[in-house]
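Enquirer: In our numbering, each residue carries its 1-based index in the sequence shown increased by 17.
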Amino acid sequence: MRKQKITNIAATTAVTTVTAVALFTLAACGTESGSGSGSGGSVQSDLPLTDVHWSVDSLTIDGKKTAAPAGASVEIGADGRASARTGCNTIGADVTVDGDTITVGDKQSTLIGCPEQLQAFEKALGGAFAGKLKATVEGVEGGSAEERRLTLTTADGDTITLTSAPPVPLAGTEWTVNALIDGATATSLPQGTDGKAHFTFGKDGSVEGSLGCNSFRGTAKVSEAAEGTGEKAAATITFGRLSATRKLCPGPEMPLERQVQKVLEGKVTYELHHRSLTLKQADGQGLDAVAAAPGK
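(1) Going by the CB atoms, is the gap between Phe233 and Gly222 shorter than 8 Å?
(2) State the start and end residues of the unbroken alpha helix (DSSP H) segment that holds Lys149.
(3) Less than 8 Å between the C-beta atoms of Gly148 and Asp111, yes or no?
(4) Would the region 173 to 185 count as touching the region 286 to 293 if we require 3 or more Cβ pairs under 8 Å?
(5) Tell me whether Ala137 sits in a helix, a strand or coil according to DSSP, three-state version.
(6) Quickly, what does DSSP pair Glu288 with across the bridge? List them, please.
(7) Taking only three categories from DSSP, how would you classify Gln208?
(8) Going by DSSP, what residue range makes up the alpha helix (DSSP H) through Lys279?
(9) Along the chain, where does the beta strand (DSSP E) containing Glu164 start, and where does it finish?
(10) State buried or exposed for Gly109, treating a residue as buried only when at least 16 other CB atoms are found within 10 Å of its CB.
(11) Is it buried or exposed for Thr153, if we count other Cβ within 10 angstroms and need 16 for buried?
(12) Looking only at its own chain, which residues have a Cβ that is under 6 Å from the Cβ of Leu197, when we skip the five neighbours before and after it?
(13) For Thr286, collect the residues of the same chain with a Cβ closer than 7 Å to its Cβ; drop the 5 residues on either side in sequence, then sort them by chain order.
(14) For Val60, collect the residues of the same chain with a Cβ closer than 7 Å to its Cβ; drop the 5 residues on either side in sequence, then sort them by chain order.
(15) Using CA atoms only, rank isn't needed, just tell me which of Lys284, Pro65, Thr210, Thr262 is closest to Glu241.
(16) Curious, which full-length beta strand (DSSP E) runs of at least 3 residues does the region 208 to 232 contain?
(17) What would DSSP say about Leu142, mapped onto helix, strand or coil?
(18) Per DSSP, which residues does Val91 bridge with? Please list them.
(19) Taking the DSSP output, what are the residues bridged to Val114?
(20) Check for me: the beta strand (DSSP E) holding Lys82 runs from which residue to which?
(21) Between Lys213, Thr217, Asp175, which has its C-alpha nearest Gly189's C-alpha?
(22) Which residue's Cα is closest to the Cα of Leu228: His215, Asp175, Val73?
(23) Helix, strand or coil for Gly235 per DSSP?
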């Protein structure tokens with residue numbers, strides 16, 4: 018499973034690689050680390066905000082609406098701790114919830130390298146998710162937890178819109194590759210290949226999908242995490258030989274295919290978190306993939 022170093026952003030103002038200091042700051046690169054995991058805020062609200070996986074839909078700043086990247090999400094715990102993922106870094110923050118007001122406090126973030134295409138959105142989102150935010154939840158009456166929409170509004174009138182999203186299983190979910198991993202660095206996909214590489218695990222031990230252009234099929238043996246000698250052993254997937262079509266693919270699709278195919282060979286570790294999946298080879302090569310949010 019991916020190991021990530023943590024830094025307390027609020028206490029480390031000298032780290033120049035961090036471009037924003039709010040919960041969603043994912044534009045930072047490097048391996049700076051720090052101490053402090055946060056003591057948690059407090060939650061006093063009747064709104065159904067906590068212990069829900071909120072998928073970020075869009076951000077509106079100064080009247081301009083921008084769609085969120087696949088996999089962007091946030092969770093607020095009943096203990097006053099919030100965490101966010103976008104398929105790259107993981108960020109934690111202390112939050113205080115008082116009625117319909119959320120106040121963001123101390124923040125910590127992993128500092129692995131992120132795809133450039135995320136940086137502008139993440140920096141803007143980081144500026145919006147800060148200070149006091151007004152929360153509005155819709156769809157509570159007569160609907161399930163998976164049908165709720167959350168709007169967070171800043172004092173300046175900017176908004177973050179989110180939708181509650183249920184977790185998905187490893188098997189039966191179409192996983193779309195959204196980043197490639199090399200050690201502690203995640204890189205964006207070659208330009209023009211977003212959404213083209215995807216795969217689905219079958220309950221019968223099969224795997225099939227697209228490497229980016231050519232379709233493929235093979236076997237995949239899943240081993241759940243198990244207790245080892247003093248530590249929890251990593252969950253693994255062992256891929257058998259893949260058979261694929263042999264179309265000649267244009268431009269950037271072939272480099273993407275080669276990199277994805279290298280990851281889907283032999284035994285890899287996997288980390289499944291709600292609607293995001295990370296596969297990693299022993300040498301640090303891997304990929305991040307996400308399941309589409311409801312309605313997307």
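Every residue gets a Cβ at the ideal spot worked out from N, C-alpha and C, and that includes glycine.
Expert: So, from the data block:
(1) For Gly222 and Phe233, no; Cβs fall outside 8 Å.
(2) Where Lys149 is concerned, there is no enclosing alpha helix (DSSP H), although the beta strand (DSSP E) around it starts and stops at 149 to 155.
(3) Judged by beta-carbon spacing, Asp111 lies beyond the 8 Å limit of Gly148, meaning their Cβ atoms are not closer than that value.
(4) A contact exists between the region 173 to 185 and the region 286 to 293.
(5) If DSSP states are grouped into helix, strand and coil, Ala137 belongs with the helices.
(6) Answer is Thr295.
(7) In the three-state DSSP reduction, Gln208 falls in the coil class, being neither helix nor strand.
(8) Per DSSP, Lys279 belongs to the alpha helix (DSSP H) from 270 to 280.
(9) No beta strand (DSSP E) holds Glu164; DSSP gives it neither H nor E.
(10) Gly109 should be labelled buried.
(11) Counting other Cβ atoms within 10 Å of its Cβ, Thr153 stays below 16 and is therefore classed as exposed.
(12) Answer for Leu197: Thr204, Gln276, Leu304, listed in chain order.
(13) These residues qualify, in order along the chain: Met18, Ala251, Ala252, Thr253, Lys297.
(14) For Val60, where only same-chain residues beyond five positions count, the Cβ hits under 7 Å are Thr67, Ala95, Gly97, Val114.
(15) Nearest C-alpha to Glu241: Lys284.
(16) Fully enclosed beta strand (DSSP E) runs of 3 or longer: 214 to 218, 223 to 228.
(17) Looking at Leu142 - three-state DSSP - the assignment turns out to be helix.
(18) Paired residues: Trp71, Ala101.
(19) Its beta-bridge partners are Val60, Ile119.
(20) Start and end: 81 to 84.
(21) Gly189 has its Cα closest to that of Thr217, out of Lys213, Thr217, Asp175.
(22) Selected option, being the one with the closest Cα: His215.
(23) Judged by DSSP in its simplified three-state form, Gly235 adopts strand.
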